[in-house]
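As structure tokens, the structure follows; a few thoughts come after it.
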Ligand code: BGC
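Numbering (the working numbering), first residue to last: 779 to 1510.
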């Protein structure tokens, strides 16, 4: 995005001075599409139809690109509309022309769309990509998304989602960077830069939108949209942390979340939006509501009618109304009667115009026609990046020496998911096309390996034992692709049981009973409770939903062309009942142990099924010689890392800390730094980390940031549980 000069700022003020009350309110109004022509259904229902499989992803795309908007041209002409949700460049230019050439002040429209993990080139779902712990990759995939968005007439994406997700039941965990605030902060920063900052190779940029502000992922019992009760310290130290960093890095917009925090809906939460975000974090962009959320504060029981909803939202600092027309219908009267001040309205208008100006929409309002026709929709170069991203997102969870498979191995590939192309896209790939997707079968075929394939069972439906038996006869290795349909995670897709759905486990049990070696490939949008698989499978590979290159990446890892490097960005619990389960919990006075009176369940193990930060490789690493010392402004951590195995690899070295004693109970471990390191076989290197002393502090419940002297333990290792450790005294 471009930096504004004093002249552009003056231009904004001059515009505001000229605007009528109605034009000002119009700048706060965003419309979502309502589809006409054969499918006369609202957008939300259309999303439901695709997630429930009533229409295919391709049909959905087709409808979207033919979509006509439920708008009156006159509304654009009279300046009553500021923004549309749209993915159609021709349409965008048509609408823009009315705004720019036919409205009184010529203020351009801004087109937003959900580009969550790539646009045409669909990359791994965020939960998967975060397992790469690779900031360069996070940025590169966002750069490609920015380019493809601009080509489609989109100026603004509703991403990145920075909701800390500690509860695997919550469907939207798939859209998040996982459970850790530090990793999510680095993910957020890279994404904001990727979307917003042009470079020599790719000059496109779009506005990002940090969402959902705030603590949406802390929904009670993992149920979507549910209430959130949080202590201020937890809100600040965990849930707001990734937002703060990304705001400081210049994120253009923020989306308020659907949920309430301690009884106040975020949409109307003055303390959260006006005080914390705008005043304390210094956020200068604009805040958009989530879809229909302003009107929903009435259903929430917080506003008694439309006028009350509008007053509460605008006073809270909510600048743009997504989809409900509450602002456009209510604000003119509210301002005239003095219930909302003109300066409150002007502030919102100023923020929205500033972002439009930073996007250069006043000077370049249209999509370049040449971009619309330029090259194939998914270029070879972008597909290559999609493969790199997919490979780096895979996490090897177990390997009893069976992987990599030899290309000559006699293999039976089973599971419906292995052949369902569009399932690789995940739940939020609105522009993804089935024809661009590589299924696991396609990936095996591309490598030229021979295998028998049978569907046998999917996430829904019955296990076809007869086919399974005949298919696997005389074959010792079964590669079973199991997991969830992509519609089983994402928005409004929480699950109260996160074990393997349907009869898939029956198939795995049959394979073990028949004496087969079993390689389990998981496709899912959340951590799953799969203790039986962990115990009985010979290998377990977490593929998630890897985007268009899913099948190629999976095949290349399984057959050893690529050495897996992914590390979990979320904890896998053993049972659903342990949710929310996360590594950076507080210590109790009776930590989990063998004794009866300790903090544990009678019917579940103490250890996580797979811990945060965990992921195997085809090589092995040894950590030694940890040294920790305080310097003037930092904690310096040094460690020796050796690749002791027989092939080269990339290890993600993780540094954690524990504040042993503080005026508020602190987490048992917190990630404070990490690095990815490439080592040849037998190569050794010394690594050094500088952790700023500032990072050792924490917020108390009155919003003060405290730095307290005392003992800290620093841990270094290849996962959150497998670490060397050293305790030191720290003085600030
Ligand atoms: C989601 C947002 C999304 C918006 C617009 C809402 O239902 O919560 O994440 O950006 O729709 O599509």
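All C-beta atoms in this analysis are idealised placements derived from N, C-alpha and C, irrespective of residue type, glycine included.
- Query: What are the start and end residues of each continuous alpha helix (DSSP H) run of 4 or more residues lying completely inside the segment 1095-1133, in chain order?
  - Reply: 1104-1114
- Task: Compute every distance between the C-beta of residue 1069 and the non-hydrogen atoms of ligand 1, then say whether any falls below 6 Å.
- Result: yes
- Message: Could you pull the DSSP bridge partners for residue 1405 from this structure?
- Response: 1416
- Check: residue 1350 C-beta below 6 Å from any heavy atom of ligand 1: no
- Message: Let's test the definition: count the other Cβ atoms within 10 Å of the Cβ of residue 1078 and tell me whether it reaches 16, buried, or not, exposed.
- Response: buried
- Item | Identity of the residues DSSP links to residue 1477 by a beta bridge | 1483
- Answer with buried or exposed for residue 813, where buried requires no fewer than 16 other C-beta atoms within 10 angstroms of its C-beta. Residue confidence for residue 813 is low, a pLDDT of 44 falling below 50, so the modelled location carries little weight and cannot support an answer.
- State buried or exposed for residue 1477, treating a residue as buried only when at least 16 other CB atoms are found within 10 Å of its CB. buried
- Secondary structure at residue 919, three-state DSSP: helix, strand or coil? helix
- Task: Using the Cα positions of residue 1145 and residue 1132, report the straight-line distance between them to the nearest angstrom.
- Result: 20 Å
- Indicate the three-state DSSP secondary structure (helix, strand or coil) for residue 1509 in the structure shown. coil
- Report yes if the C-beta distance between residue 1391 and residue 1344 is below 7 Å; otherwise report no. no
- Could you tell me which residues DSSP puts in a beta bridge with residue 1451? 1433
- Message: Which runs of the beta strand (DSSP E) at least 3 residues long sit entirely within the segment 1176-1220? Give them in chain order.
- Response: 1189-1192
- Query: Could you give the distance in angstroms between the alpha-carbon of residue 1482 and the alpha-carbon of residue 1350?
  - Reply: 33 Å
- Query: Which stretch, first to last residue, makes up the beta strand (DSSP E) that contains residue 973?
  - Reply: Element bounds for residue 973: not the beta strand (DSSP E) but the alpha helix (DSSP H), 959-974.
- Straight-line Cα distance separating residue 993 from residue 1266: 22 Å
- Query: From this set, 910, 918, 1014, 933, which residue's C-alpha is nearest residue 887's C-alpha?
  - Reply: 933
- Item | Distance CB(residue 793)-CB(residue 1126) smaller than 7 Å | no
- Query: Where does residue 1445 fall in DSSP's three states?
  - Reply: strand
- CA-to-CA distance, residue 1174 to residue 895, given in whole angstroms: 22 Å
- Going along the chain, which residues of its own chain have a beta-carbon closer than 6 Å to the beta-carbon of residue 1248, five neighbours each way excluded? none
- Message: Could you check whether the Cβ of residue 892 sits closer than 6 Å to any heavy atom belonging to ligand 1?
- Response: yes
- Task: Give me the Cβ distance between residue 960 and residue 1465, rounded to the nearest whole Å; I'm assuming they're in contact under 8 Å.
- Result: About 17 Å; that fails the 8 Å criterion.
- Query: So what does DSSP say about residue 1503, is it helix, strand or coil?
  - Reply: strand
- Query: Going by the C-beta, is residue 936 closer than 6 Å to any heavy atom of ligand 1?
  - Reply: yes
- Message: For residue 1469, list the residues DSSP reports as bridge partners.
- Response: 1413
- Buried or exposed (CB count within 10 angstroms, at least 16 for buried), residue 1142: exposed
- Task: Could you spell out where the beta strand (DSSP E) holding residue 1491 opens and where it closes?
- Result: 1488-1495
- On the three-state DSSP scale, how would you describe residue 1303? coil
- Within the same chain, show all residues whose beta-carbon is closer than 7 Å to that of residue 1052, passing over the 5 residues directly before and after it, in chain order. 1094, 1095
- Can you grab the Cα-Cα spacing for the pair residue 1501 / residue 1494, in whole Å? 5 Å
- Query: Out of curiosity, what's the CA-to-CA distance linking residue 1269 and residue 866?
  - Reply: 23 Å
- Task: May I ask you to verify whether the segment 988-1005 touches the segment 938-952, counting CB pairs closer than 8 Å and requiring at least 3?
- Result: yes
- Message: One question on the structure: do residue 1235 and residue 1289 come within less than 7 Å of each other, judged by their Cβ atoms?
- Response: no
- Query: If you count every other CB in all the chains shown that lies within 10 Å of the CB of residue 815, and 16 or more means buried, which is it?
  - Reply: Per-residue confidence for residue 815 stands at a pLDDT of 37, beneath the threshold of 50, marking its modelled position as unreliable; the derived number appears in the next sentence. Exposed, by the Cβ-count rule.
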